[in-house]
Every structure is written in structure tokens, then in C-alpha cells.
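Undergrad: Here it is, the structure, as C-alpha cells.
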Amino acid sequence: MIEELDGKTMTDMKEYRGSIHQRQKDLMLAWYEQLDQAASTGSPASVSMMISGNCVELLEGFGAVPLYPEINALQLAIRHQSLDPILAAEDLGYAADNCAYVKADIGCILKGITPTGGKLPTPTLILCNFVGCNTYLKWFEHLAKLQQAPLYVIDVPFMRTNEPSRSDLEYVVKQLQETVRKLEQLTGARFDYDRFREAVACSSRTEELWSRIKHLARRSPSPFDAYFDAITLMGPLYVYRARPEGVEFFEAALAELQAKADAHKGIYEQENFRVVMEGPPPYPYFRTFRDMFAKWQACAVASTYSTVGGLWEFGFRHDPDHPFESVAMHMIAQNVTNRNFLQRYDQIRQYVEEWNADGLIIHFVKSCRLFSAGQGDMRDYFTKQLGIPTLYIESDLEDPRYFAEAQTKNRIDAFFETLEHSKTAAIRSGAREEK
Amino acid sequence: MRIAAGVDVGSTQTKAVVMSDNGGVKVLARALVDTGANVQRAAERAFDACCQKAGVQSGDVGFVVGTGYGRYKIAFGNTQMTEITCHAKGASFLCPGTRTVIDMGGQDSKAISVGATGEVLDFVMNDKCAAGTGRFLANSAEVMGISLDEVGPLSLRARHPVKIATVCTVFVESDILSYLAQGKTGEDILGGVHIAIAKRTLSLARRLNIEPEITMTGGVARNVGMVRALEEVLGRKMLVSPDAQFVGAVGAALFALEKLDQSFESGIWREGHAVPGGH
């Protein structure tokens, strides 16, 4: 997200580098500075959370800052520094097929590594806000032990049907209120309900802007890549969406991307292919991976990964008139990881149809059973039931040992060769019919 | 007369084919060399040998398409394409009516759904595991102390094929040693090895809609035992060209010929598609 790599690649030529890129960097560095300050002075309070369905709005009621172990882990991977901490965790006894995010994060704590080289605070509270995957629970239990910090688990019911039940919502709301009491005890400060409501209102505005940005990708050409570029925007979304800085950032991003869209500027001179991406990227080979798509002038117009922290492009917004309930709704029903697989199928189908995509790319993550289990069936569904060209590739989001460059490139090249052929055949057949 | 070539640099062997369209599209010559460590040199050796056999100068070859894992190392190639696209094209040419390709090479196995004009409709490949590939057979041959050419014919003589539980190319060696220690015959062990690979390949191919005609390509197609084992698990006959090992190179050469034929408006050559001269 704030990485700066040496060496020019094809991606350097294609990557969107508007003024928001610098703003994003500044925002994320300011966040790390706040965390550094918290580590030195004990203020502000900090809360470790999961990205999936994070309740950053609640923290604003205490002026607390979020700590996201997943962001720390991916920052290391994108800088090619994840293997050492992974090996450190394996030395401790973690198995080869454990979640590599967990291992990288635990290894960092063992070795005292931080993404910026600055300090990270011992969290005031470790808040396990998502338990759809029991790895998260174990991860945070181990963090609590290593960091000697209190752990509180919010048990978020998995989506068994299309809508959460009334009791699901009440169950999570009660736990959020317990979290508030817990944080009051830990910080010695009173929860500022008005500030919480303002934060929820801020989130609602940010979400509207973010949603409008994502809908710009329906244009042809799309003014940005809704996978690779969206990742750049996801940091501010998770850290700042409940603050005025977040609203300002996304206002600027929307204005910039809207101007590009209005000028019919895409990310390539010619947008040859439009694809939907499922699954997180292989962060240790982020640019190499992006280059494989840039070579074909293929633009991702939508991605499920960019909805891990929240699913807003289909209309959901936090609601300042019902702040606790809307936070609970977001945690249960409005982030892709807590939704069931049929809902994910439907989300992808909508992307392909409404964002006018040529095909689907599924990136299977070896060390993430939660996100990846069932993706073989998903491929079958999209190819056999819906007739949507689908490519299935495997590597990992954090562990560089699972990435086979030649194999991955071969599959991607073959996929686009196939798409190219069918596109041209369709054009020729259309031309024949016209004659 | 247009002359074009396809060079398929595989993990184990490098194949070159020279083709012309004089009096119908046909293969003029083929050549095969071990890839070894110097990929670029292997491609040159195969291409030179092929030109010599065809009785043409390398300068007479109007266009060269490289394919296979080493395709970007072919310095003299005009462009590159994946072996998936080339196998579909080559199989359709050599075995008309092909709708499914099962390709077994040294480290890869893949299944391809093919359209009426030799275009790829869908494909699946093995991932980071050499089970179901030629390497599995090579390791089995090595541990039994016989040559790779012998394993197929020997497997046909199996009377009670053993069950090979593992799909791991490394651990299969200990399975084989264990059966040898139990006094099982080499034929029965090899029969079991071939069935294990065939089942593994079938489970891969089942991810596609397997439709006839099914054509087997790649170096392993020369193994009669593997062809029979696959036909047994598939429950139907496959087409196997005598040029099975050269199918990728043939496909590449066909694309190269199309490139030379300016009147042919092939999709693959649409502006901005192929990346000339390396990557």
C-alpha cells in the first residue's frame, strides 16, 4: 500500500499514479506515526482488529486507532520481506500449511520487525471481530499471549441465509456494547456516543464515494484497475473511513478518477480485456503478477478482494440513526468473507454481467482455506453453468514459496490467447452476418 | 511456397517442426533434442537439425513461433505462444475432429477443450505437482532399473496390477521398493503405476466437459501402456498421432504459416496481440 520498489517494470508504465497516490502514502504514514506515538506515550489507545467486517467506527468513540495485523503482514510481503518472519514462526512450531499471514505477523513480533521500522504499540485491546475462520481466533489468542494484551472476541454469526436474522443482529449489537464497556475499563475514558455517531456518518459518506468510484469501472475503458489499484485505496478505507480525512481522501479520489473516466482515459492505451478477480493477490510477487495482466492490456473491472473489509457497491451504508445496528449489519452481512458461497457466486455474476467483463480469474491461496476452499466448484459453476471463461491459478498471498512464475504466466497467457481468439471469432462472425 | 517453423522448448525435450503450404499444408521435417541446461542452445540445435532434414536454409523459413516453457529463450523466434494454444491447434490438424486434448509431458499434464477450428475453449493443468506427468514414469523406471522406453510395453503384461496409493512423484519410489520387497513382478508394479497416473489425469480432465474425439499428445503418448491405461479409465479410444510428441511444435508452425499468409485474418494475429521478439 505504501511500498516503493526499486527497478522499473511494465507495471510502472501502466499503474495509476494520480495525486491520490501521494495522499494515500501520506495518510498511511500518518497512521503509522500515530501508532509509533501510541507505542512511546501510551496515547492514543490502540485496538488490534481484523480487516474483515472491521468496526473502526466504534474505536472513534474513544479516539482510538486501529491496528491491523493483516496490513502489517502484507506490507512485508509486498516488500519481499515476509519469508524471514514466516520461517521464524515455523521454527516455533507453526505448520507449513498454516495461514501465512498469521506466521508473518507472529514472526514479526518474535523478531521485532515493523512495516515502517517505527514502533508499534502493545494494543490496549485485541479485538477478534471476526470468527468465520477459526484461524483468526487462534491467531489473536497467540497475539494476546505474546503481547500480554487483553483479548475480547466478538462472535459474528456466519451468513447461513441471504439476510441475517433479528437475533443475529441483536447478538452482535450486545457484544459491541460489551466491547464499549470493556474499552471504558481499559482506557479509563467514557465512550463518546456523539463522536461514535459522527464516525458512522463519516463512514456513510466515505462508503458512498467509494461505491461511486467502483461504479466508474463499469465505463469502458475503466479509469482504474479495480483489483491492483483498488488495493491502494483499501488502506485509507479501513483506517480512515470513519474520519473526515477519509471523506476528503475519497472525494479527491472520486474527482480524479471521474475526470479520467469523462476523458475516456483507461489504464492502457487500449483496454483489450476486462476481467473480474476473485481472491487476494500474491503480495510477494505483486508487480510480477500485475505485469502478467498488463502485458495483455487486461484491466480488472471488479474484485471480490476489495470487498473483504466491506461490501458497499450494492447499496449498503452505515446509518448514523442506527449506529450500533448498522455496525453489526456490516460485520455480519456486508463483507465478503462472512457471506456464504452462494452469495459470493452471485456477487461475481453481477460483476461479470453489470461491469461487462470478458472473464473471471480465480486466485487460490494455498494457505487460506477460508477464502479458497470451494473455488474448484466455483470454477465449475462459472464455466459449466454460466459459460463464463474462468482461469484458476494457485499461489499464496504472503508466502513466496508458493509462487511459480513460469507456471502462473503460462496459464495467464493461455487464458488471454483463448479470449483473444474467441473475441476475434465473434467479430469476424458479426462481420460475415453484416455482409 | 511459404515455409514456417514451430519450436517447442519443453522441460525435458525440445521439438522443432518445419512446415510448408506448398500443395497443401504439410510437415517437411521434425527434430528432437534433449533440452538440458542451455535452453537457448537446445532451441537452436533443434531448429538447425530440422532445417537440415527439410533441406531448407534457416533464411528460407519465413516465420518462427516459439512455444513451451522455454519459448522466451528462443532468440531467433519471431514471437511466442503458449503450448496450450499450440497443442489445441496442432491436435486439430493432425487428428481432425479433436474436441479434447490430453497432453502429458515431462513435468506438465493438461487437458484442453478444443473448438471446431482448433481454438482453445477451456483448459486445466496440474499445479505444482508432477503426479500424472512423464516425470512420475521416469522416476518409477529409474527405481526399477529399466529404461523409460520399456515401462509401457512391460505394463501391458501386468496380470494383477498393484495399487499405488501415493500420487507423489517422490514417494512413489518407496511404494515401488516396498512392492519389490514383497516379491511383486515388475509388470504388475508398472501396471499399477500406469493406472495411478491415468486416474490422476482423468480427475484433472473431468474438470472440463470431456467430449470426443479425445486426442493424446506429448511425449508420454509414445508409451503404449499409458495410452491403454488412459483409454481404460476414460472408457473410450483416443486418437494418437505418430507425431504426438511434436503436436505443440506443429501447432506453433501452423500459426507461423498463418502469419505468412497475409490474407488469413487469424484472431491470434490481431494487432497488439503477440509480443514480437521476446519479452
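In order, the protein sequence lines correspond to chains A and B.
Letter by letter, the first sequence follows residues 0 to 434 in numbering that gives the first Met the number 0.
Letter by letter, the second sequence follows residues 0 to 278 in numbering that gives the first Met the number 0.
Glycine included, every Cβ here is placed at the ideal spot set by N, Cα and C.
Every value quoted in this text rests on a predicted model; they were computed, and no experiment measured them.
Between the alpha carbons of L256 of chain B and F62 of chain B, how many angstroms are there, rounded?
TA: About 7 Å.
Undergrad: Just to confirm the assignment, what range does the alpha helix (DSSP H) spanning K14 of chain B have?
TA: Here K14 of chain B belongs to no alpha helix (DSSP H); instead the beta strand (DSSP E) covers 12 to 19.
Undergrad: Let me know the secondary structure DSSP gives E312 of chain A once reduced to three states.
TA: coil
Undergrad: Check for me: the alpha helix (DSSP H) holding D228 of chain A runs from which residue to which?
TA: 227 to 239
Undergrad: Please name the residue in A:P235, A:A293, A:R316 whose C-alpha comes closest to that of I70 of chain A.
TA: Checked all of A:P235, A:A293, A:R316; the closest Cα to I70 of chain A is A:P235.
Undergrad: Using the beta-carbon of each residue, which ones in chain B are nearer than 8 Å to K383 of chain A?
TA: N208
Undergrad: Measure from the C-beta of E257 of chain B to each C-beta in chain C and report whether the shortest distance is under 8 Å.
TA: Given the protein chain composition of this structure (A and B), no chain C is represented.
Undergrad: Compare the C-alpha of N334 of chain A against each of A:N355, A:L310, A:G314, A:I411 and name the closest.
TA: A:L310
Undergrad: Does the Cβ of R205 of chain B have 16 or more other Cβ atoms within 10 Å, making it buried, or fewer, making it exposed?
TA: exposed
Undergrad: Name, please, each residue of chain A whose Cβ falls closer than 8 Å to the Cβ of D242 of chain B.
TA: None at all; the shortest Cβ gap to chain A is about 21 Å.
Undergrad: In angstroms, rounded to a whole number, what distance separates the CA positions of S202 of chain A and P319 of chain A?
TA: 9 Å
Undergrad: Assuming T407 of chain A and I392 of chain A form a contact by the criterion Cβ under 8 Å, report the distance between their Cβ atoms to the nearest whole angstrom.
TA: 6 Å
Undergrad: Taking 8 Å as the CB-CB limit, is T417 of chain A close to chain B?
TA: yes
Undergrad: Which stretch, first to last residue, makes up the beta strand (DSSP E) that contains C49 of chain B?
TA: Looking at the DSSP string, C49 of chain B is not in any beta strand (DSSP E); the run it does join, the alpha helix (DSSP H), is 38 to 53.
Undergrad: Just confirm the distance between the C-beta atoms of D290 of chain A and S81 of chain A, as a whole number of angstroms; I'd bet it's less than 8 Å.
TA: Not quite, the Cβ-Cβ distance comes to about 20 Å (not below 8 Å), so this is no contact.
Undergrad: Please tell me whether Y282 of chain A and A76 of chain A are closer than 8 Å, where the distance is taken between their beta carbons.
TA: yes
Undergrad: Count the other CB atoms, across all protein chains shown, that sit within 10 Å of the CB of V64 of chain A; report buried if there are 16 or more and exposed otherwise.
TA: Label assigned to V64 of chain A: buried.
Undergrad: Strictly below 8 Å CB to CB, what residues from chain A border D7 of chain B?
TA: For D7 of chain B, no chain A residue has a C-beta closer than 8 Å to its own C-beta; the minimum C-beta separation is roughly 13 Å.
Undergrad: Please name the residue or residues paired with P65 of chain A in a DSSP beta bridge.
TA: A:V46
Undergrad: Starting from K283 of chain B, trace the alpha helix (DSSP H) both ways and give me its first and last residue.
TA: The requested residue 283 of chain B does not occur in the structure, where chain B is confined to residues 0 to 278.
Undergrad: Is the beta carbon of S112 of chain B sitting closer than 8 Å to the one on L207 of chain B?
TA: yes
Undergrad: If you count every other CB in all the chains shown that lies within 10 Å of the CB of D395 of chain A, and 16 or more means buried, which is it?
TA: D395 of chain A comes out buried.
Undergrad: Mind listing the chain B neighbours of D376 of chain A? Cutoff is C-beta to C-beta under 8 Å, in chain order.
TA: Residues of chain B passing the Cβ test: none, with the nearest at roughly 10 Å.
Undergrad: Kindly say whether Y178 of chain B, judged by its beta-carbon, lies nearer than 8 Å to any beta-carbon of chain A.
TA: no
Undergrad: Closest to T165 of chain B by CA distance: which of B:D187, B:K198, B:T184, B:R156 is it?
TA: B:K198
Undergrad: Beta-carbon within less than 8 Å of V199 of chain A's beta-carbon, same chain only, minus the 5 sequence neighbours each way: which residues are those?
TA: Excluding residues within five positions, the ones whose Cβ falls inside 8 Å are E56, A241, H317, D318, P319, P322, S325, V326.
Undergrad: Measure from the alpha carbon of S166 of chain A to the alpha carbon of each residue in A:Y135, A:E183, A:M328, A:K213, then state which is nearest.
TA: A:M328
Undergrad: Just the Cα atoms here: how many angstroms apart are E2 of chain A and I108 of chain A?
TA: Bear in mind that a pLDDT of 34 at E2 of chain A, under 50, signals an unreliable position, so the number given afterwards is only what the model happens to contain. Their Cα atoms are separated by approximately 20 Å.
Undergrad: Taking the alpha-carbon positions, what's the G62 of chain A to K24 of chain A distance?
TA: 22 Å
Undergrad: Does the structure place the segment 101 to 108 of chain B close enough to the segment 25 to 32 of chain B that three or more beta carbon pairs sit under 8 Å?
TA: Too few Cβ pairs lie closer than 8 Å, so no.
Undergrad: Is the closest heavy atom of the ligand MN to the C-beta of V199 of chain A under 7 Å?
TA: Absence of the ligand MN is noted for the structure shown, with no ligands found whatsoever.
Undergrad: State the Cα-Cα distance for the pair L135 of chain A and F129 of chain A, rounded to the nearest angstrom.
TA: The identity of residue 135 of chain A in the sequence shown is Tyr, whereas the question assumes Leu. Whole-angstrom Cα-Cα distance: 7 Å.
Undergrad: Which word fits K7 of chain A, buried or exposed, when buried means at least 16 other C-beta atoms lie within 10 angstroms of its C-beta?
TA: Per-residue confidence for K7 of chain A stands at a pLDDT of 42, beneath the threshold of 50, marking its modelled position as unreliable; no derived number is given.
Undergrad: Under 7 Å, CB to CB, which of the residues in the segment 88 to 121 of chain B have a partner in chain A?
TA: Within the segment 88 to 121 of chain B, the residues whose Cβ lies closer than 7 Å to any Cβ of chain A are, in chain order, E118, V119, D121.
Undergrad: Per DSSP, what kind of secondary structure is T81 of chain B in: helix, strand or coil?
TA: Three-state result, T81 of chain B: coil.
Undergrad: So, at 7 Å on beta carbons, what are the nonlocal neighbours of I50 of chain A in its own chain, with the 5 sequence-adjacent residues on each side left out?
TA: Y67, E69, Y237, V307, G308
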